[in-house]
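In the numbering used here, the protein residues as written are 8 to 91.
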C-alpha cells in the first residue's frame, strides 16, 4: 500500500478539504487521520560552561566539611533511614 502524507490546517470545524490527489475515479483508498499534538519544547541540557557559570559550583565552599566523602555517606544514610 502506498502512503501519501499531507499536512493540513483545519479551517472549518469538522471538515478537511483535499485536492489534487494522485487518485483516479473508482479507485479505492483508505484514509487515516492523525491529530498532531503541539510540539513540546526540547529539553536543554547544561553544558560544562553553563555549569561553571552557574551558582552550583562552590555553593558549599563556606561550609565546614573536612571529609566530603564521609559527609556524603552520612547524608545518604540519613536519607535511607528517613521515615516514609
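Cβ coordinates follow ideal geometry from the N, Cα and C atoms, glycine included.
Residue 81 carries a helical assignment under DSSP once its states are collapsed to helix, strand and coil.
If you compare the alpha carbons of 40, 56, 35, 47 with that of residue 22, the shortest gap goes to 40. Looking at the DSSP output, residue 22 shares a beta bridge with 19.
Relative to residue 45, the option among 87, 11, 16 whose CA is nearest is 16. Across the structure, residue 81 and residue 52 are spaced so that their CA atoms are roughly 30 Å apart. The closest CA to that of residue 38, considering only 24, 48, 49, is found on 24.
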